[in-house]
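Participant: Line by line, the protein sequences give chains F and G. Here this note's numbering is used: the first residue of the first sequence is 1, the next is one more, and so on. Here this note's numbering is used: the first residue of the second sequence is 112, the next is one more, and so on. This structure is in structure tokens; I'll ask about it shortly.
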Amino acid sequence: GQQLNQSPQSMFIQEGEDVSMNCTSSSIFNTWLWYKQDPGEGPVLLIALYKAGELTSNGRLTAQFGITRKDSFLNISASIPSDVGIYFCAGRPTGTYKYIFGTGTRLKVLA
Amino acid sequence: GAGVSQSPSNKVTEKGKDVELRCDPISGHTALYWYRQSLGQGLEFLIYFQGNSAPDKSGLPSDRFSAERTGGSVSTLTIQRTQQEDSAVYLCASSLASGPPDEQYFGPGTRLTVT
Numbered sequence: 001g002q003q004l005n006q007s008p009q010s011m012f013i014q015e016g017e018d019v020s021m022n023c024t025s026s027s028i029f030n031t032w033l034w035y036k037q038d039p040g041e042g043p044v045l046l047i048a049l050y051k052a053g054e055l056t057s058n059g060r061l062t063a064q065f066g067i068t069r070k071d072s073f074l075n076i077s078a079s080i081p082s083d084v085g086i087y088f089c090a091g092r093p094t095g096t097y098k099y100i101f102g103t104g105t106r107l108k109v110l111a
Numbered sequence: 112g113a114g115v116s117q118s119p120s121n122k123v124t125e126k127g128k129d130v131e132l133r134c135d136p137i138s139g140h141t142a143l144y145w146y147r148q149s150l151g152q153g154l155e156f157l158i159y160f161q162g163n164s165a166p167d168k169s170g171l172p173s174d175r176f177s178a179e180r181t182g183g184s185v186s187t188l189t190i191q192r193t194q195q196e197d198s199a200v201y202l203c204a205s206s207l208a209s210g211p212p213d214e215q216y217f218g219p220g221t222r223l224t225v226t
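See below:
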């Protein structure tokens, strides 16, 4: 079946550092979504990407839709303590309405 | 505007009992999804509703799981004869359409604990 690999699984960083995480798939995707989930909450949509090569920012967050359409990355610049949480990517393969979710990147920011 | 709401937020039930979980999608959203999230895991697709079309039930793990969506709005996920392995957070999401733009917006989830 289709697989989505997200890395890293977890990371500890110092406040002010930049963070990068990525997702790769075994098939071509039409859409990439990035979510953040806080404990006890549902995932909150951060960025949506619809075109290969698309680069989109949301404040300190920047995400790109890979040109091969099989990967995406999310960057967080100048991290702050409230960036702590689990970040999920989700991709929608061609010809389907279902999203496949990555296993998440758990981010911990050290003040 | 109001986001996706789910109830109850927490549910503790005894093994073998039936439970019903409710989802109120964002008004006007025609697509509705149910997912299951086990501790520390990603999201597992359960079922998808789109307008008046037949739902895609391909993700339901067993015939103890069922869901319905009345009037194209509220959805109920029912788990019969609950088992301990059913313990998880059940998330509902809705989207405006089934094609781009099709961002899914999630509710806060229902945390189900089967004792």
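All residues carry an ideal CB built from backbone N, CA and C; glycine is no exception.
Using only alpha-carbon positions, find the residue among SER149(G), SER184(G), THR189(G) and GLY153(G) that is nearest to LYS168(G).
Facilitator: Residue numbering aside, residue 168(G) sits at position 57 when the second sequence is read from its first letter. The candidate whose alpha carbon is nearest that of LYS168(G) is THR189(G).
Participant: Can you give me the C-alpha to C-alpha distance between LYS98(F) and GLU196(G), rounded to a whole angstrom?
Facilitator: Along the first sequence, read from residue 1 onward, the residue named residue 98(F) stands at position 98. Along the second sequence, read from residue 1 onward, the residue named residue 196(G) stands at position 85. When rounded, the distance between both Cα atoms is 24 Å.
Participant: Where does PRO81(F) fall in DSSP's three states?
Facilitator: For the purposes of this step, residue 81(F) is taken as residue 81 along the first sequence, with counting starting at 1. Of the three classes helix, strand and coil, the one that applies to PRO81(F) here is helix, per DSSP.
Participant: Could you check if LEU223(G) is buried or exposed, using at least 16 other CB atoms within 10 Å of its CB as the buried criterion?
Facilitator: Your numbering for residue 223(G) matches position 112 in the second sequence. With 16 or more other Cβ atoms within 10 Å, it is buried.
Participant: Identify the contact partners of PHE156(G) in chain F, using a Cβ-Cβ distance below 7 Å as the criterion.
Facilitator: For the purposes of this step, residue 156(G) is taken as residue 45 along the second sequence, with counting starting at 1. Under the 7 Å cutoff, chain F gives LYS98.
Participant: Please name the residue, chosen from ASN22(F), THR96(F) and ARG92(F), that lies closest to PRO8(F) on a Cα-to-Cα basis.
Facilitator: Residue 8(F) sits at position 8 when you count from the first residue of the first sequence. PRO8(F) has its Cα closest to that of ASN22(F), out of ASN22(F), THR96(F) and ARG92(F).
Participant: Does the segment 43-53 of chain F come close enough to the segment 5-20 of chain F that 3 or more CB-CB pairs lie under 8 Å?
Facilitator: Contact fails: fewer than three Cβ-Cβ distances are below 8 Å.
Participant: Is there at least one Cβ from chain G nearer than 7 Å to THR56(F)'s Cβ?
Facilitator: Stepping through the first sequence from its first residue, residue 56(F) is reached at position 56. Taking Cβ atoms only, chain G never reaches closer than 7 Å to THR56(F), which makes this a no.
Participant: Apart from the five residues just before and just after VAL185(G), which ones in its own chain have a Cβ nearer than 6 Å to its Cβ?
Facilitator: In the second sequence, residue 185(G) corresponds to position 74, counting from 1. So the list reads ASP135, once near-sequence residues are dropped.
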